[in-house]
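Written out below as structure tokens is the structure these notes cover.
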Amino acid sequence: MIQGELNRLRESYSFPAGIQIRLPKVDETIMSTRQSEVAFNEAAFQAGLRLPIHPTIRRISYYYNTCLAQQAPNGWRSVVCTGVLWRFHKQGRRRPGSEGIPGMSRVGRRNSSSSRGTSRSASKCYSGCWGSKNPEVMEHPRSFALDSKQMASNGRDNVEDKPVGGATPIMGDEGESHHSRDDPPRGDHSRDGSVEYTENPSAVEKLLEEVISLADMGGYGKIGSRPGDRKVLPLCRLVGSEMAHTQWLAKELKRQVAELKSREQHAIEKIRWMKEDRDAIVERLEKEVIELKEKETLAKKSAIEEYKFSYVFQEVVE
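Shown next as structure tokens:
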């Protein structure tokens, strides 16, 4: 494969411009990438692909001690789609970049927004969340959050975004974003779009262990006391159920192993009993053989004595 074929491959499959695709150098093997990227390298496909990875997916991979490069292409696509859907679901209200997607408020009133600027906003959201053309931006995935202090209620609850931590602001046309009336009070970050509460992988591991313990007790209601817990509750429920199923499988395997060991022990005991019975029978037969030999010897002696006192023996002697 040459670089020209790679370029035609990019055109055929419509790779985004932010994805780097190149041929590895001589004696070069792609084994690792930067913290915010994932690499795909196969022997049959002599090319390397570097894709930005979402921080949440990176923490999940870190918890399970797996590498996303081991995933099949369809599996990796499913992981990305799951992350995008969960990111949209956890926001809980309208955000910039979601124009044209209908929503439902708590009271059941359907909220819809104009479809103008959907493609532009969606492309900006994709560039901000999953990487952009700038290689420097790909090293640090964007984090989106609303500044609750800048929110002003004028009857329509219009919200303006403020850049957080150097993130690029994403704005749609004025009047395109409409939020429901059940916005949380100021200072409440329980439904914030940022991920600063769970940046530490150890916190995610501790939370997942708590989910597993609650799954064994049969409930999840106690999770959510901390702001960071409510961020990953839907995903933790899914992971907790899968891990509970895995624990059940492990217990079932342990039970089967214990049953096999019990059968093995029973077979060993039965063989020992059969050996003891065989030894006892052999010993009894040996004793009977000895007794028969002794009786045979006595019978021979008795026959000789009787013959000596008989008339036939006396006549032969005379």
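Residue numbers for the sequence shown follow the working numbering, beginning at 362 and rising by one.
Just so you know, even glycine gets a beta-carbon here, dropped at the ideal spot from N, CA and C.
So, is residue i buried or exposed, given that buried needs 16 or more other C-beta atoms within 10 angstroms?
i, result
"Gly-601", "buried"
"Thr-417", "buried"
"Ile-363", "exposed"
"Ser-373", "exposed"
"Ser-663", "exposed"
"Ser-671", "exposed"
"Arg-616", "exposed"
"Arg-624", "exposed"
"Arg-633", "exposed"
"Arg-681", "Residue 681 lies beyond the stretch modelled for the chain, which goes from 362 to 679, so this question has no answer here."
"Pro-524", "Its pLDDT being 44, under 50, Pro-524 is placed unreliably in this model, and the value from its coordinates should be taken loosely. Counting Cβ neighbours within 10 Å, Pro-524 comes out exposed, since fewer than 16 surround it."
"Lys-494", "Per-residue confidence for Lys-494 stands at a pLDDT of 42, beneath the threshold of 50, marking its modelled position as unreliable; the derived number appears in the next sentence. Lys-494 should be labelled exposed."
"Ala-660", "exposed"
Which same chain residues end up closer than 6 Å to residue i when comparing Cβ atoms and leaving out the 5 residues on each side of it in sequence?
i, result
"Glu-666", "none"
"Leu-621", "none"
Kindly list the residues whose CB is nearer than 7 Å to the CB of residue i, restricted to its own chain and excluding five residues on each side of it in sequence; keep chain order.
i, result
"Leu-614", "none"
"Phe-674", "Tyr-668"
"Gln-608", "none"
Which one of the options has the shortest CA to CA distance from residue i?
i, options, result
"Tyr-424", "Leu-659, Val-618, Met-604, Lys-386", "Met-604"
Who are the near neighbours of residue i in its chain, counting only those whose CB is closer than 8 Å to its CB and skipping five residues on each side?
i, result
"Glu-647", "none"
"Ala-641", "none"
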